[in-house]
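Participant: Handing you a structure now.
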Amino acid sequence: MHSNSTANLLNLKGVFVNKVFHSDDTIKIFISTKPKKTKCPICGSVTSKVHDYRNQIIKDLPISAKHVYLVLRKRRYVCSCGKRFYEKYDFLPRYYRMTNRMAAYICDELTKSVSLSFVAEKSNVSVATVI
Numbered sequence: 071m072h073s074n075s076t077a078n079l080l081n082l083k084g085v086f087v088n089k090v091f092h093s094d095d096t097i098k099i100f101i102s103t104k105p106k107k108t109k110c111p112i113c114g115s116v117t118s119k120v121h122d123y124r125n126q127i128i129k130d131l132p133i134s135a136k137h138v139y140l141v142l143r144k145r146r147y148v149c150s151c152g153k154r155f156y157e158k159y160d161f162l163p164r165y166y167r168m169t170n171r172m173a174a175y176i177c178d179e180l181t182k183s184v185s186l187s188f189v190a191e192k193s194n195v196s197v198a199t200v201i
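Take a look at the structure:
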């Protein structure tokens, strides 16, 4: 486990920082969450049985002019009805590859800038993502 200072800096509820890698222009932060009981989206029963895990790379707000990537160890549950489903996270909407606050940052930058390509480059995302 990494120190709580990195977790506090991220300010993501229920997230544990496992390791951090720095390079010249990038920070990669490996994170996970505590297992919990989750409601099945199909039958509604509660399960805590983990089927498997996968890592998802998520873009987050820059820190000290460095691009930040969160590597989230996503948990996939299996229900007694046979349905497999991923854990939900407050900071990550379904199908997103960036945090809520990164999406808000991009929207805020659009109000200050006239160029979509400038905002995309500054945010390290594609123009299509900005649109």
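Add 70 to the 1-based position in the sequence shown for this note's numbering, that's all there is to it. By construction, the Cβ of each residue, glycine as well, lies at the ideal position given by its N, Cα and C atoms. Keep in mind that this is a model prediction, so the values were computed, not measured.
Please state the DSSP three-state secondary structure of Y139.
Facilitator: strand
Participant: Less than 9 Å between the C-beta atoms of Y175 and I128, yes or no?
Facilitator: No, the Cβ-Cβ distance between Y175 and I128 is not below 9 Å.
Participant: Which residues in the same chain as F161 place their Cβ atom closer than 7 Å to its Cβ, once the five residues preceding and following it in sequence are excluded?
Facilitator: L82, T169, N170.
Participant: Leaving out five residues before and five after V197 in sequence, what residues of the same chain have Cβ atoms less than 7 Å from its Cβ?
Facilitator: If the five residues before and after V197 are omitted, its C-beta is found closer than 7 Å to the C-beta atoms of L186, S187, A190, all from its own chain and listed in chain order.
Participant: Please name the residue in C149, N125, Y147, C177 whose C-alpha comes closest to that of S102.
Facilitator: N125
Participant: Quick test of the definition: if touching needs 3 or more C-beta pairs under 8 Å, does the stretch 144-153 touch the stretch 103-110?
Facilitator: Per the Cβ contact rule, the stretch 144-153 is in contact with the stretch 103-110 (3 or more Cβ pairs under 8 Å).
Participant: Between the C-alpha atoms of R164 and F155, what's the straight-line distance to the nearest angstrom?
Facilitator: 12 Å
Participant: What would DSSP say about T181, mapped onto helix, strand or coil?
Facilitator: helix
Participant: Look up T96 in the DSSP assignment and say whether it is helix, strand or coil.
Facilitator: Strand, per DSSP.
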